[in-house]
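Protein chains in written order, with the numbering used here: chain A, 1 to 375; chain B, 1001 to 1375; chain C, 2001 to 2375; chain D, 3001 to 3375.
The C-beta atom is built at its ideal place from N, Cα and C for all residues, glycine as well.
Below is one structure, written out as structure tokens; the observations come after it.
4 protein chains.
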Amino acid sequence: MTRNEGGRPLGIGLIGTGYMGKCHALAWNAVAAVFGDVARPRLEMLCEVNEDLARERAAALGFERAGADWRMLVADPAVDVVSITTPNQFHPEMAIAALEAGKHVWCEKPMAPALADARAMARAARESGRVAILGYNYIQNPMFREIEAMIAGGAIGTPFQLRAEMDEDFMADPATPFNWKSASSSGHGALDDFGVHPLSFAHRLFGKAERVFCDMARPFATRPDADGARAVETHDMANVLLRFAGGVQASLLLNRSAWGRKGRIAVQVFGSQGAIVYDQERMNEVELYRAEGPVARQGFSRILAGPAHPPYDRFVPAPGHGLGFNDLKVIECRELLRRIAGEPSVTIGFEEGLEIERTVDAAARAFEAGGWVEV
Amino acid sequence: MTRNEGGRPLGIGLIGTGYMGKCHALAWNAVAAVFGDVARPRLEMLCEVNEDLARERAAALGFERAGADWRMLVADPAVDVVSITTPNQFHPEMAIAALEAGKHVWCEKPMAPALADARAMARAARESGRVAILGYNYIQNPMFREIEAMIAGGAIGTPFQLRAEMDEDFMADPATPFNWKSASSSGHGALDDFGVHPLSFAHRLFGKAERVFCDMARPFATRPDADGARAVETHDMANVLLRFAGGVQASLLLNRSAWGRKGRIAVQVFGSQGAIVYDQERMNEVELYRAEGPVARQGFSRILAGPAHPPYDRFVPAPGHGLGFNDLKVIECRELLRRIAGEPSVTIGFEEGLEIERTVDAAARAFEAGGWVEV
Amino acid sequence: MTRNEGGRPLGIGLIGTGYMGKCHALAWNAVAAVFGDVARPRLEMLCEVNEDLARERAAALGFERAGADWRMLVADPAVDVVSITTPNQFHPEMAIAALEAGKHVWCEKPMAPALADARAMARAARESGRVAILGYNYIQNPMFREIEAMIAGGAIGTPFQLRAEMDEDFMADPATPFNWKSASSSGHGALDDFGVHPLSFAHRLFGKAERVFCDMARPFATRPDADGARAVETHDMANVLLRFAGGVQASLLLNRSAWGRKGRIAVQVFGSQGAIVYDQERMNEVELYRAEGPVARQGFSRILAGPAHPPYDRFVPAPGHGLGFNDLKVIECRELLRRIAGEPSVTIGFEEGLEIERTVDAAARAFEAGGWVEV
Amino acid sequence: MTRNEGGRPLGIGLIGTGYMGKCHALAWNAVAAVFGDVARPRLEMLCEVNEDLARERAAALGFERAGADWRMLVADPAVDVVSITTPNQFHPEMAIAALEAGKHVWCEKPMAPALADARAMARAARESGRVAILGYNYIQNPMFREIEAMIAGGAIGTPFQLRAEMDEDFMADPATPFNWKSASSSGHGALDDFGVHPLSFAHRLFGKAERVFCDMARPFATRPDADGARAVETHDMANVLLRFAGGVQASLLLNRSAWGRKGRIAVQVFGSQGAIVYDQERMNEVELYRAEGPVARQGFSRILAGPAHPPYDRFVPAPGHGLGFNDLKVIECRELLRRIAGEPSVTIGFEEGLEIERTVDAAARAFEAGGWVEV
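Laid out in structure tokens, this is it:
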């Protein structure tokens, strides 16, 4: 069911048109054309910080109406689903208001800077009876689906170790001035900025983390500002060790000052019969090693994305032609529609997202404590 | 200018909704949202082989009207641009009719099975004064743009050799029954099916081919059919040697029976000061070697696509996040709009496309002759 | 000076002819031919567990005399240098005896199962005035030398993070019966079996570790034995976090049950101006990223080993032709001769090796404590 | 039998101690130690251009006697095998003299600048009844052996296409002065300098070439010399197309002006059930694709060299630790000893080498003719 209770295609409201807002808009424009099995959503209304910008963006992004008041948007009867892509601090208020107004919510991750707010969001979702999911788009990659299928199907036997690295270099230059990312008000640093992504992988594959240890560090003690230099308050690097309920040992190495890394989320999973290797920078590939057949022929197989990895087939009928980052949001959009229709769906709801945020919070406490913390 | 002479946004007609038809439709849906600097096109009408299918696809792809008569579409006054994505044999009639009706044409490559038809298309385009371009989408990859910039800027000195390989494996299984791809009516085989793509690269980089040699071969003499086996008439493999006007020596190795290759277009360019390496299967990367600095530090640099490679920035503001195959069509669409607006544009028009088809034709004759043929 | 005090070429004694013993023998046979600047050593005597085996190996390995009594070997006046390649538990007794007999010692790593023994060995070396080095051959790779030169020369600015992974799969099969590697008498498991190698890298690059945290795990609780199953006492997996004196944050991920990994020692170093990536499985390559020049051209450069990376040039005059694992021992042998001659030398002596073993010991204690341990 | 007719270990004579001469010497020093199943050869005599150099080299390389007269060496009764590593033009006279003196001959490739001389060498070998082999060391790589085994065992079904590229960059710099490599007296250029190596692969895998086409080109028309500039007479680039007796279509792309390539011999073999990919720059790896099992799991497997690929096991007992270029010569040496002992052996004798040189000669004629030439 991709129509609302009145039988009309779902009406969409979008708050924010920055990096992820545009990404949501592209997904809403494309989802019906790509999948061919959903009613084409009505792009009803879009909010930006002022009316002029809102109108300009609505024209480009194909939304019918535009405004500067997000409360009007969440109250609008023509709107069935609200995409929230504003800065993290606004997520709680907007998401809770939308849920209370009876809308479904598609909110970008992470949920909120403070764990208490995330808890409130999860509670609002539960009480509303509406669908509320988070934008963990990397889990939508057909190659990550294939990894899930490999593990579930026993392709590597019993998994016992996970390694994940997430690295970019937007904080790598010591000459980058002090900005909000270096202020403690933005959170811990790489830990929460990055950690939630590999944790979304881990959550899908191995469930809840049980205990966690963490070491955070600053590559640069200060950064330039108007007065010369200002002490950096966040940590651009975090090394996290974890244990999962099923016994899996894990490590997350997070660095947003890693020169040369642009969108690296490198994952290795080792099991009793094989191993899986993946890197988001080459998101159309996954490598599988299986301990079977003659030893002289064993090796990591580099598998290229293709129609055998649904829903790749909805985008391109030929293998090896490559999906892109924005395509993942289109898949996420389709999964959201599935969840709204009450169908099985690959999504991380507010409740599940809260688990991820609790793990991040435990890691931060472990760093302070210098020892293991139970999640 | 992305509006028509009446000041309205351009009206789009789409003929065909298969592999490339859907790709065109996705591009027409996305181009305004991605680029933000064009009037959102009106998706006026779509044609398919019957009305039911046409209506179904129009609903999914966002077109207002649907029909089974392409002649009505090309005559429709609300249509300004016609996307032609039908099988190659229909291209000439449709493209010429559209041009004669005063429409701009966006036609998938190759132009036509017969060189004479391609000539007629080029003539019609010239006489119409309208824009007529071919769907050579690989040249739209920002990484290919970067290759052009590297060569134009002297990053590898004077280029003197080009190697290109294009390989897929959809004909690699000897158990695949005889189908139209094995019939001579479809053309020569890998030579024209694949050759035009690397030739579009070569054309952009080095202009016209001067002479050509060709060896074609069949991996399988027969293929299964209802009567047991039928002799294969096309050649799934072609090795082509060329010389370009500026003196560049080139080779094209084409194989559509290459197990394991899915969308490989591997390019190597060697010059007096460096080299460039590219593979479409990793379309977000390009490798550059420069003979400069200490020898102990020289190596091929693997460059990841990012905002520094426009128009990547219109899709994602962060580097290393990856474009996909369908995104290339969105870029091509924007370039078509530029050309319609009389702005500089990266496109291969019918006239230039004819050059590519002439080279293919000369290669086929060289294979018969067993010696060099002048293009 | 590659001659002894009597002016004769150095006389060599070899104890053990297994994996590393043969490797030492190959190095002693090759060092003069490869380097061309040392007196060809006299291969005097070889010891094995029995005389027959000793004689057979001496004939193959080119040693003049053979025996089963290592004490005779270390006492032999014709022997100047003793290669010790027996199981770790024998290292202390043999090395100390050889040093006390006035011989130089080339002992395989790690020093000894117990830290106290390693301390005794370091003391014996110090008191003897003789050269005593450990077989940390990976630091002899010309590409590792290049990494040292890069860092020392500021190619990546100030380094602030090290990641190292060491993985093999010889313990990955759950069907492998319980053997000495699973018994606690062999040590901790991956931590000491593997950890010393990446620590030898870290020691060369960043000096002493200051504090360490460690999580060890067992992929398999039991292994098959004659009685059905026996509880595994060692840990095949260890995740270690460290801080070095200069402030470098480090992680060592060690796994000897990592299916598909054969000789992986993957190293990443991040600094304020660039990054370095290396993997021992591709030991003739190193990757360097430098944050300089136009952003559109920045990428990791894959540098192939060549004569510009001495002493590669002594093995092959052409670049890209590849050194092998055994060649590293030949380089180590040359460095040992340099140290004996009192020249600057890239070697890890007993004193420095003790530092590495102390770090391993601290990690084991940190695992017990569940918190940081000062080294 | 690795002893001579008198029951003594074979006596070795070496002519030339340059690049390949040193490589032979290292192999003669190592072969008994590595393999452990051959009598340790006696390194009898070595010749260089003058006595001083010869003595110096003999001391370093472990030869007992030294001289400047190669005729004395080939006549010496203590010499059973003669290694010939001098410049190509000297091969015929030396090899024929050695064979006539009843010695076995191990001669570096190519055989001789002129085809007539190669024919005379093959005749002399035939008439002598002695073993005469050529130094095609790349075929000794255990990974190439694995490729042979894969193809012979049907791992890729019926092979139908071979692609080989051989590239280095020692002629890539236009500032490199005119030297003997640019003079026509040295041969054709890349064609014979490089072509023989991939042809040795092709010869092992697919037997004789039947017909050949060739396009050669010069990256630089002139090179600097004392008088300013001198016209280059050889061709640093050659593109060769071939057909083999069994129907295999092949291409050789050869370039010794290919910036960034250091020791690349890239091979691709396509067959009816799979494909094989190999690159000498990563000589410890081979990639295999098999069209079997679920499509979603198919991919190129990267196989790392290990003990499962004999005789790797004789060098290192652990997989993934890597052989080097010089190790290939040690294997070749062992194969030579096998052939002398009348055992099955992987070697290219003078007769087989002549086939390779005939193919090169036919390619040169095809370039002149501009059409196919039968070999």
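Item: Per DSSP, what kind of secondary structure is GLY1195/B in: helix, strand or coil?; Value: helix
Item: What are the residues of the segment 254-279 of chain A that lie near chain B, defined by any Cβ-Cβ distance shorter than 8 Å?; Value: ARG261, LYS262, GLY263 and ARG264
Item: Should ARG3008/D go down as buried or exposed, given a rule of 16 or more other Cβ atoms within 10 Å for buried?; Value: exposed
Item: Helix, strand or coil: how does DSSP classify TRP1070/B here?; Value: helix
Item: Rounding to the nearest angstrom, what Cα-Cα distance links VAL1269/B and LEU1328/B in this structure?; Value: 22 Å
Item: As a quick exercise: from GLN161/A, GLY187/A and PRO77/A, pick the residue whose alpha carbon is nearest that of SER2257/C.; Value: GLN161/A
Item: What does the alpha-carbon distance come out to for the pair GLU3146/D and GLY2016/C?; Value: 32 Å
Item: Here's the rule: buried if 16 or more other CB atoms are within 10 angstroms of the residue's CB, otherwise exposed. What is GLY3021/D?; Value: buried
Item: Within the chosen definition, does the segment 124-135 of chain A reach the segment 87-102 of chain A through at least 3 CB pairs nearer than 8 Å?; Value: yes
Item: Against PHE3300/D, what residues of chain B qualify as contacts under a CB-to-CB distance less than 7 Å, listed in chain order?; Value: GLY1260
Item: Just curious, the alpha helix (DSSP H) that ASP3029/D is in, first and last residue?; Value: The residue asked about is misnamed: residue 3029/D is Asn in this sequence, not Asp. Its alpha helix (DSSP H) spans residues 3019-3035.
Item: Specify the secondary structure class of HIS2235/C as computed by DSSP and reduced to three states.; Value: strand
Item: For SER3301/D, which residues does DSSP report across the bridge?; Value: SER301/A and LEU3288/D
Item: Looking only at DSSP bridge pairs, what is GLY3349/D linked to?; Value: ILE3133/D
Item: Sorted by chain position, which residues of the same chain lie with C-beta nearer than 7 Å to ILE133/A's C-beta, five sequence neighbours on each side aside?; Value: TRP106, LEU336, ARG339, THR347, ILE348 and GLY349
Item: Counting only beta-carbon atoms, is LEU2061/C nearer than 8 Å to chain D?; Value: yes
Item: If ASN239/A and SER2251/C are in contact, beta carbons under 8 Å, what's the gap, nearest whole angstrom?; Value: 5 Å
Item: In three-state terms, what does DSSP make of GLU2357/C?; Value: helix
Item: Near VAL3131/D, what residues of its chain come up, given a Cβ to Cβ distance below 6 Å and the 5 sequence neighbours on each side ignored?; Value: HIS3104, ARG3339 and ILE3340
Item: Answer yes or no: do GLU51/A and ASP76/A have a C-beta to C-beta separation smaller than 8 Å?; Value: no
Item: Can you give the Cα-Cα distance for ARG334/A and LEU323/A, rounded to whole angstroms?; Value: 16 Å
Item: Buried or exposed: which applies to TYR3019/D, given that a residue is buried once 16 or more other Cβ atoms fall within 10 Å of its Cβ?; Value: exposed
Item: Run through chain D and tell me which residues come within less than 9 Å of HIS2321/C, C-beta to C-beta.; Value: LYS3262, GLY3263, GLN3280, GLU3281, MET3283, GLY3324, PHE3325 and ASN3326
Item: Give me the residue from LEU3046/D, VAL3196/D and ALA3202/D with the minimum Cα distance to ALA3364/D.; Value: VAL3196/D
Item: Please classify GLN2273/C: does DSSP put it in a helix, a strand, or coil?; Value: coil
Item: Note down, in chain order, all residues in the segment 37-53 of chain A with a beta-carbon under 8 Å from any beta-carbon belonging to chain D.; Value: none
Item: Is the segment 3215-3234 of chain D touching the segment 1151-1161 of chain B, taking contact as three or more C-beta pairs under 8 Å?; Value: yes
Item: Nearest CA to the CA of LEU1046/B: which residue from VAL1079/B, PHE1035/B and VAL1031/B?; Value: VAL1079/B
Item: If you draw a straight line from the alpha carbon of ALA1226/B to that of VAL3248/D, how long is it in whole angstroms?; Value: 28 Å
Item: How far does the beta strand (DSSP E) with ASP2995/D in it extend, from its first residue to its last?; Value: With chain D running from 3001 to 3375 in the structure shown, residue 2995/D is simply not present.
Item: Give the residues from the segment 2203-2222 of chain C that approach chain B closer than 9 Å (Cβ to any Cβ), ordered along the chain.; Value: none
Item: Note the first and the last residue of the continuous beta strand (DSSP E) segment covering HIS2104/C.; Value: 2104-2107
Item: Taking its Cβ as the centre, do 16 or more other Cβ atoms sit within 10 Å of GLN280/A, making it buried, or is it exposed?; Value: buried
Item: Using a Cβ-Cβ distance under 8 Å, would GLY2195/C count as near chain D?; Value: no
Item: Using a Cβ cut-off of 8 Å (strictly closer), state whether TYR2136/C contacts chain D.; Value: no
Item: Using a beta-carbon distance below 8 Å, is ILE3303/D in contact with chain A?; Value: yes
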